[in-house]
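The sequence shown stops at residue 1850 when you use my numbering, and every number in between is there. Only one structure is covered here, and it is reproduced in the block below.
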Amino acid sequence: GNWGSVDGDNAAAMRYTEVRMTKIAQEILADIEKETVGFIPNFDESTIEPIILPSKLPNLLINGVSGIAVGMATSIPPHNLNEVIDGCLGLIENPVMSDDDLFTIIPAPDFPTGGIICGRAGIVKAYKTGRGKAIVRAVVDIEESKKSTSLIVTELPYQVNKAELAIKIADLVKNKVIEGITNIKDLSDRKGMRLIIELKRGEIPQVTLNQLYKHTNLQVSVSILMLGLLDNRPLVFSLRELIQEFLYHRKQIIYNRTVFDLRKAQEREHLLEGFIIALENIDEIISLIKKSSLAQEAIVHLNKRFLLTEKQGKAVLEMRLQRLTGLEQEKIYNEIEEIKKKIIYFKSIIEDEEILKQEIIKELKMIKQDYGDERRSRIEGAIDVLTEADLIPDEEVVVTLTMKGYVKRVLLSVYGVQHRGGRGKMGMAALEDDVMQDIFVTKNHDMLLFFTNLGRIYSLQVFEVPEASRIAKGRAIVNLLPLQEGEHVVKLLCARDMKEKFVVMLTKKGITKRVNAMDFAKIRATGIRAMTLREGDELVFCSLSSGNNTIIIATSQGQG
């Protein structure tokens, strides 16, 4: 074909010398011999070619099209035949059908390779304006066993190359962009696609799948630009306009075809009437022909005696003797009766708009009956934009902060379980003139709140804190937060522990404040003010409280 195969085979050669058409492809050329469309000379004027094909089906929508010309491009995705035909029938019966009703009949494109269409907002926009997009994901199943977990890809987004996809995934693993994959196997066969992505033991499959969605063509954005030519002018069409133009096209084709059929029927009727006159006067006609020296002379005599036209006379002369048998004569009488009925029917189509409309409906229903199939692409709800959190496992970690402002994140599993008599493990290399300030266990997707001496509060998600080894010093907090000169962190809290709690703050000059912890649920990147301080004062203490705790404050004089 024009696009090659899903396994990376090249497209067919441009040197086409012949074509073997499928049955449905023949419907695109049906009636072309009946003067239904105009013809123009081809590029070298060696022959002629149709200006447009008399297609019985809305091929522009069903098959889709993608191409680039000078200063313009088009990208119309394929659609389901049943749905498009139903949309055509709906607009014929109710030309003022609402967009919502039309988009219910034709909800989204339908790709031959299947896949999952995620949300319809961009598609509805394209159907209304001619411009939009569709988000398409591969169909991926998660298979888990006692020994391993695998992602099984059974359907790919439209025009995604399976071989190139496998190479891309391998490169991501090699470059450590994705670290949870151990092997890729392609077990696809004639029964269907089966691309197996094996995961490391303990990996969370949904996280790895999210990483694949972000970095590979397992998720693609399909651009929609429904641009076409109308009277040799490029126009961007809405879905409704495309269908209306197709229906107008079919109206013209059926009208032209019927005019052709009527003319041919009338010509045949004319000849049959001549045959009947000849049969009814066969002896006299034979005698007249025998007396004529030339065929043209016989035609003239037939015209004078029986008022036969030149065409009728010529047909009578060419009539075979077997037509004189009784059975053949009966066939001629039956044929002319059938021809007369057809002429009446053809005239009714030409003269009556309603009958022509019913002819369009009948043909569309036949197309649906003969070629209709089930939708392949599933339609699901809209997906959120993948964030960094979607790509990181929500594992338990230990977060530490030192008095000098060094912070780090270590997997909890690194520390292991200590049994009786154990000597413990070093949590951090000894630091000169520095001590541990805060330490707690949390998860990668939780939020950290940093309270500073200037009464401000900053936030980071746990996974944004650099991961380090168990004995590493960590990263200076000034490299992670936009701290001002002279500003340092006095307390680190985890937002996971803050529901239905309060934050209690105490300043150097003894000013206290209690705030609902949920007031700090959303913090901008530049931080917010948690407490307004007087000149010369600063925040020295911060803690969580249930609201029922007793708080003891001790002074430098030892009083409490």
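Note that CB positions come from ideal geometry on N, CA and C, so glycine has one too. Bear in mind that the values here come from a model prediction, so they are computed numbers and not experimental data.
If you drop the 5 nearest sequence neighbours on each side, which residues of the same chain put their C-beta closer than 6 Å to that of S1242?
The structure shown does not extend to residue 1242, since the chain is modelled only from 1291 through 1850, so no value can be given for it.
If you draw a straight line from the alpha carbon of L1343 to that of G1354, how long is it in whole angstroms?
16 Å
Hey, quick one: how far does the alpha helix (DSSP H) through A1460 stretch, first residue to last?
K1452 to K1464
State yes or no: is the beta carbon of K1798 nearer than 7 Å to at least one beta carbon in chain B?
In the structure shown, chain B cannot be found, because there is only a single protein chain.
Using CA atoms only, rank isn't needed, just tell me which of K1464, R1421 and R1547 is closest to V1327.
R1547
Smallest Cα separation from Q1586: which of I1572, Y1538 and K1601?
K1601
Between Q1556 and I1633, what straight-line distance do the alpha-carbon atoms span, to the nearest angstrom?
7 Å
A1766 - DSSP class collapsed to helix/strand/coil:
strand
Alpha carbon to alpha carbon, how far is V1755 from I1682?
13 Å
Residues near M1821 in its chain [Cβ-Cβ closer than 7 Å; skip 5 each side]:
G1745, M1795, K1803 and L1829
For V1779, the three-state DSSP class (helix, strand or coil):
strand
If contact is defined by three or more beta carbon pairs under 8 Å, each pair taking one atom from either stretch, is the segment 1410-1429 in contact with the segment 1381-1394?
yes
Touching or not, the segment 1647-1655 and the segment 1532-1550, by the rule of three or more beta carbon pairs under 8 Å?
yes
Span of the beta strand (DSSP E) holding Y1448?
Counting along the chain, Y1448 falls outside any beta strand (DSSP E), and DSSP gives it neither H nor E.
Assuming G1405 and P1447 are in contact, meaning their beta carbons sit under 8 Å apart, how far apart are those beta carbons, in whole angstroms?
5 Å
Distance check for I1442 and G1380, CA to CA, integer angstroms please.
40 Å
Go through its chain and collect everything with a Cβ distance to L1529's Cβ below 6 Å, but skip five positions before and after it.
Y1417
Give a yes or no on whether the C-beta atoms belonging to T1732 and C1784 are separated by under 7 Å.
yes
Is Y1538 helix, strand or coil when you go by DSSP?
helix
So, is Y1623 buried or exposed, given that buried needs 16 or more other C-beta atoms within 10 angstroms?
exposed
By the DSSP assignment, the beta strand (DSSP E) with E1686 in it spans what residues?
E1686 to T1692
Spatial distance of V1606 from L1319 (CA atoms):
35 Å
Using only CA atoms, which one of L1750, A1766, L1351 and L1702 lies nearest to D1851?
Outside the displayed span of the chain (1291 to 1850) sits residue 1851, for which this structure offers no information.
Which residues mark the beginning and the end of the alpha helix (DSSP H) in which S1513 is found?
Counting along the chain, S1513 falls outside any alpha helix (DSSP H), though it belongs to the beta strand (DSSP E) covering Q1509 to L1515.
Helix, strand or coil for K1346? Go by DSSP, reduced to three states.
coil
Could you check the C-alpha separation between S1511 and R1410 for me, to the nearest Å?
12 Å
By alpha-carbon positions, which one of G1800, K1791 and R1824 ends up nearest to Q1847?
G1800
Check for me: the beta strand (DSSP E) holding E1643 runs from which residue to which?
Unbroken run through E1643 is the alpha helix (DSSP H), E1643 to Y1661; no beta strand (DSSP E).
If you draw a straight line from the C-alpha of A1807 to the C-alpha of T1797, how long is it?
18 Å
Counting pairs of Cβ atoms below 8 Å between the segment 1350-1367 and the segment 1334-1341, do you hit three or more?
no
How many angstroms separate the CA atom of I1314 from the CA atom of K1346?
9 Å
For R1699, is the classification buried or exposed, using 16 other Cβ atoms within 10 angstroms of its Cβ as the cut-off for buried?
buried
Tell me where the beta strand (DSSP E) around Y1748 begins and ends.
R1746 to Q1751
V1687 classed as buried or exposed, judged by whether at least 16 other C-beta atoms fall within 10 angstroms:
buried
Tell me the DSSP secondary structure of Y1503 in three-state form.
helix
Look at the Cβ atom of L1738, then the Cβ atom of F1810, and state whether they are nearer than 7 Å.
no
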